[in-house]
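Structure, rendered in structure tokens:
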């Protein structure tokens, strides 16, 4: 007997990074020295004071029971305090903050809360693959918003057809942006608020990288913009800021009704985040500056090392001012997939093909520098020698 798969997963393409892992592991089995710059998973350990906080909290039997579905009040209070300190945005922790099992969970569940079958969701292209996939799972229709180099990788709201805007109920935005590393300014965010208000659209802003920025840049929170609280929720992850990817801890903040919708989904689907992890998250948020500059300096150095390798190879790239990614153009005459395959086969370096992030990512590739600096140097040397 062959088990039947639901159509929603039968038609789903392989998850981008899972497919890359498969090809990488095939080469490793053959003895190839592979440098994997594919996934943005920080190699810098979680700061010791956060680990110690978890260790102590895990011993408390009160933390061994079911947690709150929407998060401990003390964690949500710490998140609101951090928002006030970092962005001068005041939030009610009881009604405007919900704890998430990583921001990916919240982003994936958002369409279940706000999208009916046939509704349109506006998604950035290129963008995080979870945006369109979660939309499809909810029965919605993802509509791509091209992120083009000539527009600074910002979507053009004026190019969205009126009939599409009328059917749209939600929009995903993500700045600082993955994969393009672009930053958004206040003017663009104001345009987004106006567009959302005019068309009755909920904006879900994925703000996972606001704290990973360089050269004096201080990325904005979408909620800083006047009127944003009426039309938006923002997802913040502790993963990238505090090297806590494996801990699965994040939160969403913003519009009260939207937060309630996410909370209702979570109440029916999961049982919340282990309380000891939330206690450690409180420590992270309240001591947010501890070691952050040092971690950012490591990423900045690695980014510059890799970019020098691209320059030696004659490959054009966008100078990253935020995130720990480099978004660069593949050599002329090659597709993103061809370049990625050749880099893996000929140089032993895993780079993510841009078309894995959407059709408008074709012609680009992305690397992450969340790996040992020496390995980044080796990868830069290998790519510097690459010839189409």
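Residue numbers (my numbering): 1155 to 1542. We put the beta carbon where it would ideally sit given N, CA and C, even for glycine.
- For residue 1491, DSSP records no beta bridge to any residue.
- Residue environment for residue 1422: exposed (fewer than 16 other C-beta atoms within 10 angstroms of its C-beta).
- Of the residues assessed, residue 1186 falls on the exposed side of the cut-off, its CB having fewer than 16 other CB atoms within 10 angstroms.
- DSSP places residue 1408 in the uninterrupted beta strand (DSSP E) bounded by 1404-1408.
- The bridge partners DSSP lists for residue 1300 are 1279.
- Within the segment 1236-1280, the runs of alpha helix (DSSP H) at least 4 residues long that lie entirely inside it are, in chain order, 1257-1268.
- The three-state secondary structure of residue 1411, taken from DSSP, is helix.
- The beta carbon of residue 1243 sits closer than 7 Å to those of 1237, 1375, 1377 and 1378, all from its chain and outside the five residues before and after it, given in chain order.
- Cβ atoms of residue 1355 and residue 1322 come within 8 Å of each other, at about 5 Å.
- Counting along the chain, the unbroken alpha helix (DSSP H) around residue 1343 starts and ends at 1340-1353.
- Cβ contact annotation for residue 1231 (same chain, cutoff 6 Å, sequence separation greater than five): 1247, in chain order.
- Contact check for residue 1199 and residue 1491: beta-carbon distance about 34 Å, past the 8 Å limit, so the pair fails to qualify.
- DSSP places residue 1329 outside any alpha helix (DSSP H), giving it a letter other than H or E.
- DSSP, read as helix, strand or coil, puts residue 1375 in coil.
- Under the DSSP definition of a beta bridge, residue 1324 partners with 1275 and 1356.
- A buried status is given to residue 1336, since no fewer than 16 other beta-carbon atoms sit within 10 Å of its beta-carbon.
- The residues 1353, in chain order, have a CB closer than 8 Å to that of residue 1320 in the same chain once the five nearest residues on each side in sequence are set aside.
- Within the model, the alpha-carbon separation for residue 1308 versus residue 1371 is close to 18 Å.
- In the three-state DSSP reduction, residue 1159 falls in the coil class, being neither helix nor strand.
- Non-local beta-carbon contacts of residue 1497 in its own chain, meaning distances under 6 Å to residues more than five positions away in sequence, involve 1503 and 1505 in chain order.
- Counting the other CB atoms within 10 Å of its CB gives residue 1539 a total below 16, which places it among the exposed residues.
- Around the CB of residue 1317, fewer than 16 other CB atoms lie within 10 Å, so the residue is classed as exposed.
- Where residue 1528 is concerned, the enclosing alpha helix (DSSP H) starts and stops at 1527-1538.
- The Cβ neighbour count for residue 1204, taken over all protein chains shown within 10 Å, is at least 16; the residue is labelled buried.
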